[in-house]
Every structure is written in C-alpha cells, then in structure tokens.
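Each remark here refers to the structure printed beneath this line.
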Amino acid sequence: MQIKQVYIYLLLILLLGSFQSHASFDLDTICKDSLIVASYVEGPHVRYISPTRVEAFYIVHDSIKNKTRKISKTFRFKNDTVTFLGFAGNDTLTYIIPDKIKPETGENPSNNKIVVLGDIHGEFESLLAILRYNKIIDEKNKWNFGDGQIVFTGDVFDRGDKVTECLWFIFQLEIQAKKQGGMVHYLLGNHEMMALLFDDRYVVDKYQHAAHYIHFHYSHFFDKHSVLGKWLRSKNTIVRIGEQLFVHGGISPDLLEKKMSIDEVNTVMRYHLNNYTELKDTTLVDLFLYSNSPLWYRGYLSRTPKYDRISLQEVLKTLDFYHANVIIFGHTPVAKVYPFYSFKLIGMDVPIGDPNYIDQGLLIENQKYYRIFAHKEKERLQ
20 MQIKQVYIYL
30 LLILLLGSFQ
40 SHASFDLDTI
50 CKDSLIVASY
60 VEGPHVRYIS
70 PTRVEAFYIV
80 HDSIKNKTRK
90 ISKTFRFKND
100 TVTFLGFAGN
110 DTLTYIIPDK
120 IKPETGENPS
130 NNKIVVLGDI
140 HGEFESLLAI
150 LRYNKIIDEK
160 NKWNFGDGQI
170 VFTGDVFDRG
180 DKVTECLWFI
190 FQLEIQAKKQ
200 GGMVHYLLGN
210 HEMMALLFDD
220 RYVVDKYQHA
230 AHYIHFHYSH
240 FFDKHSVLGK
250 WLRSKNTIVR
260 IGEQLFVHGG
270 ISPDLLEKKM
280 SIDEVNTVMR
290 YHLNNYTELK
300 DTTLVDLFLY
310 SNSPLWYRGY
320 LSRTPKYDRI
330 SLQEVLKTLD
340 FYHANVIIFG
350 HTPVAKVYPF
360 YSFKLIGMDV
370 PIGDPNYIDQ
380 GLLIENQKYY
390 RIFAHKEKER
400 LQ
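Here this note's numbering is used: the first residue of the sequence shown is 20, the next is one more, and so on.
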C-alpha cells in the first residue's frame, strides 16, 4: 500500500472514530436490537480524569427489560496506586492500578520455567482452565508460578465475549508475578492493533452495544486516556528470553533487512500505534502496520500474494541476528502446538475454545518443550 493510501485510510479511521464518539446513536440500526443482545455486565473500564483520580465504570444491560445503564465511581491514587473492589453485577474482584505504566525491555535472561499461550480471543474460561490445571495459578486465579514466566503471544482481543476479563486478569497477574520474581509478557498481536486503531470487524455484539450506549467506538475503551489503553500501548512486539524469541506473527525477511534490535522494533511499533494519524516518519509504515509487520506476517507457514513461505535459511538468518535458537509465534492457526524446521519454529495458534481442537499451550522446562492442556498431563514435543 502506498504512503498516500495509508494516510487516507488512517485519516478515515480517525474521522469515523471521532464521529462515533460524539454522535447520537440509534442502537436498533447500528448494532443488533437490545432485545437480541444478551444481558451483560461489561467492565470495569477505568479512565484518568486528573493526575490524582480515575473513573471506573461498567455498562450493565438487561435484555429482558431492554434497559442499559452506566454505573461509575471515582477513585484517588494513594501511594502511587489505585485499588478498588468490583462494584457491578457479580464482580467482587480487586483491581490494582499502578500510577506508572512503562514499557519493559524485550530482552530477558534465561529462565527454566516458561509457559507460552497463543491467541486467546476472549476465551477466558479456557485460559483459566489451562493455567489452573498446570498449577500456574491457584484456585483463586492468583499467580502460583514463583519465578517462572508466561508469554502471551498476542490476540487476546476479538471473537470471544470475555475480552475485558482476560485483559484485567493478565494485567493483575503481571503485578502478582513481579512480587514473586516472575514475569508476564503480553505481546501485541494484530487484533490488539485493530482494537487500538478503530478496526472493529471481529468485535462481538456485546462490546459494540456497550460502546454505542455511551457514544463510543469500541476503540475508545482503549484510548490513551484509559488505563487498559495505556497498559496495552506499553507492550512489546518481540521478546527474547534466553535464546527463545517470541513474536505474534513473525519476523519477515523485509523487516530483518533493517537490522533493528529487539528494543528498536518494540519502540518503533509503539511509535506507529501511538502516532498513527500524525506520523512524522512514514518510512517504515508498511513494515509495521501491514502484511510484513511482526503482527501480521504469516510467512512462517503460509505463502500469500505478498510473499512466499519462508525458507529454513531465512529463519536461520533471523535466529543468528537475534542470538536465538527458536522462534515461538502465534497468529497462523495450527492443529496442535507444533515444531517446524527441526525446532527452529514453534507454532502456537491452536484455535482456543473451538470444539474441533484441544485447548493447549506450551511449557518450556529445563530446555525441553511440552504441550500442556486443561484436562490431561503434559506431553513432550517430538
């Protein structure tokens, strides 16, 4: 896509988002009739309203009475943290929000315990089931993995109807892990990009309905004034732990030609996501927002009109440049967590919550690779 076309496309998205954030909506014409959208409690969504205070709110919809309302409370930072209990529906969870949310390095020392989970897509119960069965979290869904690490390879958004629950769970798990010397890495996927850039093609009716009720586009839930939006915008695109490299889609040969370090890729991606309507430097737009982007590239397993399937030699070049021995990725669906090119690539995107597949993740333990499940013991990758 040419640069002028990119600008026109992004400008249209911005204008659409701006219009939808101020216009008055007829819910019956813009999304499914309120009577058809099942009852829900959506939230909390938390927005900064001053340097010292936030507003937390829920959208509560009763499909039987065909009534929707917003419930909100304000909270003040105390000792650089906001802590509050859920206050709508059956939500009794505790939410902890640090005052400072900053990016972390994408390069981390080796660790003997790493769990990797592919594209979650709002399947909250399946996510909890895998983590509980493998004792990564306890029966109260709290961190139980000591100094271990978890990598989410992106695409927590869209398709499923418990995206918000997944986001808060990962956010809070990240805080809990740090207290025990562990780490949670949430990588950006193409659906995170879509959620931030006003592309709602795969957003389910529940979220469309909630957003329209308060005159939002879905992406406004995650703008720069929201806690979840600020948190998401701090996330990395590529992470290396020891000699294992993690990415959502993949590192295309075109991107590799730029010889960018891991932290440079992460910084440039954040620049494009946070400034997409007013980019001062547009030279890397195609490599970071489109088909050769680390968030969209499918060349590890597929060919497209844009590129052929990657060769082993090209994979080895990537591994050599990034001082890694394996690339672990999501995005392109696989029937099971599986190694390719003699364990130089491991595909993670087993369609979670799909009855045609078995929900699973990856455990890296003492330099060995295992599939992990929600209802049976781990099995060694061969």
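C-beta: ideal position from N, C-alpha, C; glycine also. Source: prediction; values computed, not measured.
- Task: May I have the straight-line CA-CA distance separating T102 from D157, to the nearest angstrom?
- Result: Between the alpha carbons of T102 and D157 lies a distance of about 21 Å.
- Query: Closest by CA to K243, which one among I139, D177 and Y295?
  - Reply: Y295
- Query: Cβ of I402 within 7 Å of Cβ of T351?
  - Reply: Residue coverage of the chain in this structure runs from 20 to 401, which leaves residue 402 outside it and unanswerable.
- Return the chain-ordered list of same chain residues with a C-beta closer than 8 Å to the C-beta of V356, the five sequence neighbours on each side being excluded. The residues are G137, I365, G366, M367, V369, Q379, G380, L381, R390 and L400.
- C-alpha distance - H236 paired with Y205, whole-angstrom precision: 24 Å
- Item | Other residues of its chain near M212: CB distance less than 7 Å, five sequence neighbours each side excluded | L292 and L314
- Query: Rounded to a whole number of angstroms, what is the C-alpha to C-alpha distance between Y67 and L298?
  - Reply: Between Y67 and L298, the alpha-carbon positions lie close to 25 Å from each other.
- Could you work out which residue in F76, G268, R95 and A229 is closest to S321 when comparing CA atoms only? Closest by C-alpha distance to S321, out of F76, G268, R95 and A229, is G268.
- Can you say whether A107 is buried or exposed, counting buried as having 16 or more other CB atoms within 10 angstroms of its CB? buried
- Take T48 and list the residues in its own chain whose beta-carbon comes closer than 8 Å to its own, dropping the five residues that flank it on each side. Because T48 sits at a pLDDT of 40, beneath the cut-off of 50, its placement in the model cannot be relied upon, and the following sentence gives the value as read from the coordinates. Hits under 8 Å: none found.
- Item | Contacting residues, own chain, Cβ-Cβ under 6 Å from A148 (five flanking each side not counted) | So the list reads A393, once near-sequence residues are dropped.
- Roughly how many angstroms lie between the CA atoms of V182 and Y59, to the nearest whole one? 13 Å
- Buried or exposed: which applies to D339, given that a residue is buried once 16 or more other Cβ atoms fall within 10 Å of its Cβ? exposed
- Between which two residues does the beta strand (DSSP E) harbouring Q168 extend? For Q168, the enclosing beta strand (DSSP E) stretches over residues Q168 to F171.
- Message: Quick check on DSSP: helix, strand or coil for E144?
- Response: It is helical.
- Query: CA-CA distance, K154 and K161?
  - Reply: 10 Å
- Item | Straight-line gap, T71 to L308 (C-alpha atoms, nearest Å) | 34 Å
- Give a yes or no on whether the C-beta atoms belonging to L104 and T113 are separated by under 7 Å. yes
- Item | Alpha carbon of D224 to alpha carbon of G179, nearest angstrom | About 10 Å.
- Message: Assuming contact is defined by CB atoms lying nearer than 7 Å, are S253 and I120 in contact in what I supplied?
- Response: yes
- Message: What residue range does the beta strand (DSSP E) around M202 cover?
- Response: M202 to Y205
- Return yes when the Cβ of V135 is within less than 7 Å of the Cβ of I435, no when it is not. The displayed coordinates of the chain run from 20 to 401. Any statement about residue 435 would go beyond what the structure contains.
- Give me whichever residues DSSP pairs with V334 in a beta bridge. DSSP output for V334 lists no bridge partner at all.
- If V65 sits next to H228, beta carbons under 8 Å apart, how far is it from one beta carbon to the other, in whole angstroms? Rounded, the Cβ-Cβ distance is 20 Å, inconsistent with contact.
- Meets three-Cβ-pair contact criterion under 8 Å: the segment 75-94 and the segment 119-133: no
- Cα-Cα separation between L306 and R88, rounded to whole angstroms: When rounded, the distance between both Cα atoms is 42 Å.
- Query: What are the partner residues of H64, as DSSP defines its beta bridges?
  - Reply: Looking at the DSSP assignment, H64 forms a beta bridge with F76.
- Query: R220: buried (16+ other C-beta within 10 angstroms of its C-beta) or exposed?
  - Reply: exposed
- Item | Spatial distance of L335 from I169 (CA atoms) | 25 Å
- Item | Where the beta strand (DSSP E) containing T93 begins and where it ends | K86 to R95
- Task: Measure the alpha-carbon distance for N98 versus E193 and round it to whole angstroms.
- Result: 19 Å
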